[in-house]
Amino acid sequence: MNKTECNLSLDELLGFNGVVAAGIFSPEGKLVDYKSKTDMPPEMAKMTAKFCGAVNMMYDALASAYSELYKMKWVPQQNWMYSGGDWTVIISGNRGVFVESSKADLERLLKALGVC
């Protein structure tokens, strides 16, 4: 991706209020790098990278099908977000953050990740 988020380091992402972990994963879902303000074990980071890679692949398949079948422009995929309970996950390209929802300015964080 050639977007703003590619210029932010994991340390810079961790500097945002509410962000407790930031990571980079490959398209196949392999963990490339991560940093955390908590005691997030490497196994959790690896599992999260697998999930994020799988979700990206699922959205790519859905977007490609919609683009082809209904002649709607859904590709390329840019980002997605999940929020539930006390937590939010924001993925932009191959980078993502775990966020304590109540402590974050999600709008500011979305813009910083290049999700506009």
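Under the working numbering, the first residue of the sequence shown carries the number 2, and numbering increases by one thereafter.
We put the CB at the ideal spot given by N, CA and C, even for glycine.
Keep in mind the model is a prediction, meaning the values are calculated, not measured.
Worksheet item: Just how far apart, CA to CA, sit residue 49 and residue 72?
Response: Answer to the nearest angstrom: the Cα atoms are 33 Å apart.
Discussion item. Which residue marks the beginning of the alpha helix (DSSP H) containing residue 86, and which one marks its end?
Written reply: Taken as a continuous stretch (DSSP letters only), residue 86 belongs to no alpha helix (DSSP H), as it is neither H nor E.
Discussion item. Using a Cβ distance threshold of 8 Å, determine whether the segment 31-45 contacts the segment 59-78, with at least three qualifying pairs required.
Written reply: Not touching, per the Cβ criterion.
Practice prompt. Express the C-alpha separation of residue 91 and residue 115 in angstroms, rounding to a whole number.
Written response: Rounded to whole angstroms, residue 115 and residue 91 show a C-alpha spacing of 11 Å.
Fill in: Entirely enclosed alpha helix (DSSP H) segments - the segment 17-89, minimum 4 residues
Complete alpha helix (DSSP H) runs here, min 4: 43-71.
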